[in-house]
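In what follows, a structure is listed as structure tokens, so that the remarks can point back to it.
Here's what the structure looks like:
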């Protein structure tokens, strides 16, 4: 699903002051506060190709 706003709207509500990670895409997450404001940055997960490259370099060094 490409519509990020739709993904954000699917998130359940939290108690006041509680933070929750929201999926924006397959590899990107944002930290969301109770009132619906995005806050405190993003977290990016590496792609499968990046993981394969990292594992290749790690095993070659041994």
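Residue numbers (the numbering used here): 8 to 69. No residue lacks a Cβ here, since even glycine has one placed at the ideal position from N, Cα and C. Keep in mind the model is a prediction, meaning the values are calculated, not measured.
Residue nearest to residue 52 in terms of C-alpha spacing, selected from 28, 27, 65 and 35 | 35
Per DSSP, which one or two residues make a beta bridge with residue 57?
-> Note: residue 57 sits in no beta bridge, so no partner.
Using the C-alpha atoms, what's the distance from residue 29 back to residue 66?
-> 34 angstroms
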